[in-house]
């Protein structure tokens with residue numbers, strides 16, 4: 002399951018989404034996530050689903066590669082759906098002992114599951130089509146006005162970039178540790194959920210040690226290169242908007258308009 006996480010990983014190919022300015026993709030992802038929680042109706046979710054499907058097709062990233070990231074959050078999705086399904090008050094349609102399933106609970110569970118799926122797929126699509134360096138530059142550019150009030154925009158963007166870079170590195174480290182433990186007879190697949198969670202404990206200690214070691218190496222490398230923050234730094238590839246980015250913004254405005262109109266049809 003650890004190896005199935007796709008958030009933070011970059012899939013290199015040539016597509017329309019890959020060539021877009023990272024600021025466009027970052028703004029689009031934020032607005033897309035917000036749009037998922039604006040309304041709760043089949044119409045709005047249909048619009049969001051079609052929009053995401055078109056983006057996936059344009060990205061040229063294999064669909065199975067994007068979807069496999071959902072395996073890592075299956076437990077969270079099931080837990081969220083169960084909480085809505087059994088504890089949402091409303092019209093009772095099924096009873097078993099102390100458990101009651103209501104019509105409103107079924108609707109809430111379905112809608113929440115859909116939101117989580119679309120949220121994970123949308124976020125994964127952004128990181129799969131944008132390098133961590135591009136994301137750092139995009140965040141720094143978008144948050145630049147906050148520097149007027151003394152906010153450490155460059156440092157925050159750098160921390161986000163390092164966090165995204167560390168996700169695939171730590172996943173690879175976890176995979177190596179799990180293979181080493183399995184070679185020594187550890188079993189991570191059999192047993193119930195609690196047994197599997199307990200079997201993951203021996204992985205955490207070496208994983209934390211490896212993370213701290215890599216963080217220390219990174220800090221020493223930055224100090225050796227005289228890193229002093231964003232003051233006076235220039236960009237090797239400065240961000241510049243192109244015509245395709247303007248078109249993308251117009252499409253994004255049209256999408257938000259369609260979401261609002263679909264939500265008003267309730």
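Numbering (this note's numbering), first residue to last: 2 to 267.
Ideal placement from N, C-alpha and C gives every residue a C-beta, glycine not left out.
Keep in mind the model is a prediction, meaning the values are calculated, not measured.
Can you tell which of the options has its C-alpha closest to the C-alpha of residue i?
| i | options | result |
| --- | --- | --- |
| residue 157 | 250, 243, 88, 143 | 143 |
| residue 36 | 199, 180, 130, 119 | 119 |
| residue 262 | 41, 64, 114, 25 | 41 |
| residue 258 | 242, 240, 160, 45 | 45 |
| residue 246 | 14, 22, 102, 51 | 22 |
With H, G and I counted as helix, E and B as strand and the rest as coil, what does DSSP make of residue i?
| i | result |
| --- | --- |
| residue 132 | coil |
| residue 101 | strand |
| residue 96 | strand |
| residue 158 | helix |
| residue 16 | coil |
| residue 238 | coil |
| residue 265 | coil |
| residue 61 | coil |
Residues in its own chain within less than 8 Å of residue i by CB, not counting five upstream and five downstream?
| i | result |
| --- | --- |
| residue 74 | 117, 121 |
| residue 225 | none |
| residue 254 | none |
| residue 145 | 154 |
| residue 77 | 117 |
| residue 64 | 57 |
| residue 102 | 86, 87, 93, 94, 95, 96 |
Mind checking whether residue i and residue j have CB atoms under 8 Å apart?
| i | j | result |
| --- | --- | --- |
| residue 56 | residue 136 | no |
| residue 28 | residue 129 | no |
| residue 59 | residue 18 | yes |
| residue 252 | residue 39 | no |
| residue 169 | residue 182 | no |
| residue 256 | residue 52 | yes |
Any idea if residue i is buried or exposed, counting beta-carbon neighbours within 10 angstroms, 16 or more meaning buried?
| i | result |
| --- | --- |
| residue 48 | buried |
| residue 24 | buried |
| residue 147 | exposed |
| residue 93 | exposed |
| residue 218 | exposed |
| residue 141 | buried |
For residue i, which residues of its own chain have a beta-carbon under 7 Å away from its beta-carbon, when the five flanking residues on both sides are left out?
| i | result |
| --- | --- |
| residue 104 | 91, 92, 94 |
| residue 207 | 178 |
| residue 264 | 39, 40, 42, 45 |
Under 6 Å Cβ to Cβ from residue i, same chain only, skipping five residues before and after it: list those, please.
| i | result |
| --- | --- |
| residue 106 | 85, 86, 89 |
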